[in-house]
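Presented below is the structure to which this report refers.
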Amino acid sequence: IGETGLDFFRDYAPRELQEKAFRCHLDLAAETGLPVIIHNRAADERVLALVMESECRRGVFHCFSSDRNVAEQALALGFHVSFAGNITYKNTEEIREAALMIPSERLLVETDSPYLPPQSVRGRTNHPGHIGYTLELLADIRGEDAEELAAATVENAIQLFGGM
Numbered sequence: 163i164g165e166t167g168l169d170f171f172r173d174y175a176p177r178e179l180q181e182k183a184f185r186c187h188l189d190l191a192a193e194t195g196l197p198v199i200i201h202n203r204a205a206d207e208r209v210l211a212l213v214m215e216s217e218c219r220r221g222v223f224h225c226f227s228s229d230r231n232v233a234e235q236a237l238a239l240g241f242h243v244s245f246a247g248n249i250t251y252k253n254t255e256e257i258r259e260a261a262l263m264i265p266s267e268r269l270l271v272e273t274d275s276p277y278l279p280p281q282s283v284r285g286r287t288n289h290p291g292h293i294g295y296t297l298e299l300l301a302d303i304r305g306e307d308a309e310e311l312a313a314a315t316v317e318n319a320i321q322l323f324g325g326m
C-alpha cells in the first residue's frame with residue numbers, strides 16, 4: 163500500500179489531510195495484510211505515532227532520512243528500513259549511524275528514482291541503474307561484502323513483497 167505517509171518539509175497538502183489519508187492507508191494495509199511503503203519527511207514524531215496507533219506492522223520506512231532512534235522504533239514496530247542515494251551525501255552521519263544498526267534481514271536499498279541520485283551522479287536524473295552506488299556505500303560503512311549485502315536485500319524484498 164502506498165507510497166503513503168507524511169511530508170511536513172514542503173507542506174504541499176494540509177497536515178490534517180495528510181494524516182487522514184495516512185491513517186486510511188495504514189488501516190487498509192492492516193486489513194489486507196499487504197505491506198505499506200511509508201514516506202516520512204520531517205515528520206518523525208507524527209509518523210511513528212500514527213503507525214503505533216494503527217494495527218499495521220508490515221512494510222518499509224522508505225528512503226530513510228531520520229536518525230537511529232526512529233530506525234529503532236521502526237524496527238520495533240516490525241518494519242523494514244530502506245536507504246536511497248541520499249545516504250551518500252555529505253553531512254548524513256545520522257542516516258549512516260542508523261544504517262549501521264539495521265539487521266541485515268530488515269535492510270532494503272532503493273533509488274527513489276527519479277530523485278536523490280547518489281553523490282557520484284548527483285545532478286543527473288536518478289534511475290534504477292544507480293542502485294549499486296548506494297549499495298556499495300552501505301556495504302562499506304557496515305563492513306560487509308557488497309555482493310552478499312545485495313543478495314540479502316533482494317531476499318528481504320522477496321520476503322516482504324513476494325507472493326502478493
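The number in my numbering is simply the position in the sequence shown, starting from 1, with 162 added.
Yeah, the Cβ is synthetic: ideal placement off N, Cα and C, and Gly gets one too.
I200 beta carbon less than 8 Å from that of G240: As a first step, residue 240 is located in the sequence shown; it is residue number 78 there, counting from the start. As a first step, residue 200 is located in the sequence shown; it is residue number 38 there, counting from the start. Taking 8 Å as the Cβ cut-off, G240 and I200 do not qualify as a contacting pair.
Whole-angstrom C-beta distance between R177 and F170, which should lie under 8 Å: Mapped onto the sequence shown, residue 170 falls at position 8. Mapped onto the sequence shown, residue 177 falls at position 15. Right, their Cβ atoms sit about 7 Å apart.
Nearest-angstrom Cα separation, counted from H292 out to L212: In the sequence shown, the residue the question calls residue 212 occupies position 50. In the sequence shown, the residue the question calls residue 292 occupies position 130. Rounded to the nearest angstrom, the two C-alpha atoms are 33 Å apart.
Where the beta strand (DSSP E) containing G294 begins and where it ends: What you label residue 294 is simply residue 132 of the sequence shown in a count that begins at 1. It is not in any beta strand (DSSP E) - G294 instead sits in the alpha helix (DSSP H) that spans 293 to 304.
Length at least 3, wholly inside the region 232 to 271: the beta strand (DSSP E) runs in chain order: Qualifying beta strand (DSSP E) stretches, in chain order: 242 to 245, 269 to 271.
Reference L196, options L168, H187, N202, A204, closest by Cα: Residue mapping note: residue 196 aligns to position 34 of the sequence shown, counting from 1. With distances taken between Cα atoms, L196 lies closest to H187.
Beta-carbon proximity of E267 to N318, cut-off 8 Å: In the sequence shown, the residue the question calls residue 267 occupies position 105. In the sequence shown, the residue the question calls residue 318 occupies position 156. Contact: yes.
Among T273, T254, I264, nearest to C225 - alpha-carbon criterion: Translated into the one-based positions of the sequence shown, residue 225 becomes position 63. With distances taken between Cα atoms, C225 lies closest to T273.
Cα-Cα separation between E207 and L168, rounded to whole angstroms: The residue given as residue 207 occupies position 45 in the sequence shown. The residue given as residue 168 occupies position 6 in the sequence shown. Whole-angstrom Cα-Cα distance: 10 Å.
Three-state class that DSSP yields for D229 in the structure shown: Locating residue 229 in the sequence shown gives position 67, counting from the first residue. If DSSP states are grouped into helix, strand and coil, D229 belongs with coil.
Touch test, the region 246 to 256 against the region 276 to 292, Cβ-Cβ under 8 Å, three pairs minimum: Contact between the region 246 to 256 and the region 276 to 292 is established, with three or more Cβ pairs separated by less than 8 Å.
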